[in-house]
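For reference, the structure is listed below as structure tokens.
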């Protein structure tokens, strides 16, 4: 078994299953580990701890979780003032933990999906809106141009063109 609790990869042949070389297995493990950024892993870990603490406090099983328990958790967090993006992060963290452990994803259940739709609608009706980053200012564009220096290379010219496009159109990173 690998550290991800999956069987060692094998290849089926006419002579039966043959184990894959260890360097291939190591590469697979590294790819799985690197599939999420360090910040995502930290955010998921923090969200999971909140879910786990809530589940223990309310006599629910954190893993494997029941969909109705997850829906109750989300509603409780919304009552406590948790934002919609934070609720979505909790859903993603709970789903990822269950997927990693090989359990069914409780967040894929209709009750959780319906609860999330309702919580999003309630937040919108209450006037909550996603905070949008400010567009690049003239000073910020000038600072970026200065940091890039001479745009004599294709890469620097491309980067400055992207910055100019973002500034002129007011686009933001999603």
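Numbering (my numbering), first residue to last: 1106 to 1279.
For each residue, glycine too, the CB sits at the ideal point set by N, CA and C.
Assigned secondary structure, residue i (DSSP; H/G/I helix, E/B strand, else coil)
i, result
"residue 1141", "coil"
"residue 1172", "helix"
"residue 1167", "coil"
"residue 1127", "helix"
"residue 1265", "helix"
"residue 1191", "helix"
Where residue i falls, given that 16 or more other Cβ within 10 Å makes a residue buried
i, result
"residue 1212", "buried"
"residue 1195", "buried"
"residue 1203", "buried"
"residue 1263", "exposed"
"residue 1182", "buried"
"residue 1224", "buried"
"residue 1192", "buried"
Beta-carbon separation (whole angstroms), residue i vs residue j, contact threshold 8 Å
i, j, result
"residue 1149", "residue 1201", "6 Å"
Should the segment 1237-1254 be called in touch with the segment 1264-1275, which here means at least 3 C-beta pairs below 8 Å? yes
Worksheet item: Counting only runs that start and end within the segment 1202-1260, where is the alpha helix (DSSP H) found for 4 or more residues in a row?
Response: 1215-1230, 1243-1253
| query | Using 8 Å as the Cβ pair cut-off and three pairs as the minimum, do the segment 1214-1222 and the segment 1245-1256 touch? | reply | no
Does the segment 1161-1175 come into contact with the segment 1126-1137, if we say contact requires no fewer than three beta-carbon pairs (one atom in each stretch) closer than 8 Å? no
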